[in-house]
Amino acid sequence: MGLLLSTQIIIRISPQPKYWSRFLIITVLLVLTARYLLWRSVATLNLSTPLDGAFSLGLYVIEILATSNAAIRLFLMLREKDRHHEAELYSVSVENGSFLPSVDIFIPTYSEPPVVLRRTIVGCQAINYSRKNVYLLDDGKRPEIKALATELGCYYVTRPDNRHAKAGNLNHAIDKTNGDLIVVLMLILYPRATF
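Residue numbers (the numbering used here): 1124 to 1318.
Spelled out as C-alpha cells, the structure:
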C-alpha cells in the first residue's frame, strides 16, 4: 500500500514525466514485480505429483518470460529522451523553408495490379514537396511494372532474391537510397464482398 501511495505522490509532484520521476516509478514497479515473482516461486508452485509439477513449472516459466519482457521494457523506458524541443525547432525550420529534408517514398509491391500501383504513384508524385523521390520496390520483377515506373518517372528497384519478403525488400531499398526520411506505403488489397 505504501508503494502505491508513493507512486501517487510522485505523479502529483511531477505530472509531466521527468527522469527522476520515471526512475522512481519504474523502481517501484520492479520492486513489485520482484516481490510477486518471489511469492510465485515460494508459495504457489504445485509439485505434489509429477504431472502437477510439470504443468505448474511450465506455467511458471511462461510467466517468468513474460515478466522478463516487461522488465526489459521498463529498463528501456529509462533511456527515453525528451525531444520535443528539437522537434519544434525542426518544425519551425521546415515551415520557414530553412530545413528541407529529402524524403524517399517507398512503395513495396509483389503482385498488386498495375492500376492500383499507377494510382499510388500518381498520388505520391502529387505531394506538394520539392525534395521527394518515389521508389517502386518490385519483388515480382514484372516487366510491366518496370515500364509503369519508367512511364510515371519514379525509380524502379528490384533485388536478386525475395528473402525475408517485404522486410527484405525494404532493407534492400534502404541500402540503395540516401534520403533523410523514409515513407513506406503498404498496399493492402481486400477482395470485394459480394452479397
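Note that CB positions come from ideal geometry on N, CA and C, so glycine has one too.
Given residue i as reference, the closest of the options once Cα atoms are compared
i, options, result
"I1134", "G1125, R1145 and A1189", "R1145"
"L1260", "T1300, F1222, S1191 and P1224", "T1300"
"V1151", "A1166, N1169, T1130 and L1168", "T1130"
"A1157", "P1138, I1187 and S1179", "I1187"
"V1306", "T1281, M1124, S1179 and I1230", "I1230"
"V1238", "E1267, T1172 and L1174", "E1267"
"I1297", "Y1258, K1264, A1288 and K1269", "Y1258"
"R1163", "I1185, T1172 and M1124", "I1185"
Pairwise C-alpha distance: residue j and residue i
i, j, result
"L1201", "V1215", "29 Å"
"A1177", "A1290", "39 Å"
"W1143", "L1155", "18 Å"
"Y1213", "L1223", "9 Å"
"I1311", "D1284", "22 Å"
"Y1183", "L1168", "8 Å"
"L1128", "H1207", "30 Å"
"M1309", "E1235", "11 Å"
"A1166", "I1136", "37 Å"
"I1228", "L1161", "50 Å"
"K1264", "L1199", "40 Å"
Whether residue i touches residue j by CB criterion (9 Å)
i, j, result
"G1302", "N1251", "no"
"L1271", "L1293", "no"
"D1262", "T1232", "yes"
"L1197", "I1149", "yes"
Residue-chain proximity (residue i, chain B), Cβ-Cβ < 9 Å
i, result
"I1132", "The structure shown contains no chain B, having only a single protein chain."
### Message
Suppose only complete runs of 4+ residues qualify. What are the alpha helix (DSSP H) ranges in the segment 1144 to 1196, listed by chain order?
### Response
none
### Query
Hey, is the segment 1238 to 1247 in contact with the segment 1267 to 1276, meaning 3+ C-beta pairs nearer than 8 Å?
yes
### Message
Which runs of the alpha helix (DSSP H) at least 4 residues long sit entirely within the segment 1260 to 1286? Give them in chain order.
### Response
1266 to 1275
### Task
Within the segment 1201 to 1261, note down every full beta strand (DSSP E) run reaching 3 residues or more, in order along the chain.
1226 to 1232 and 1255 to 1261
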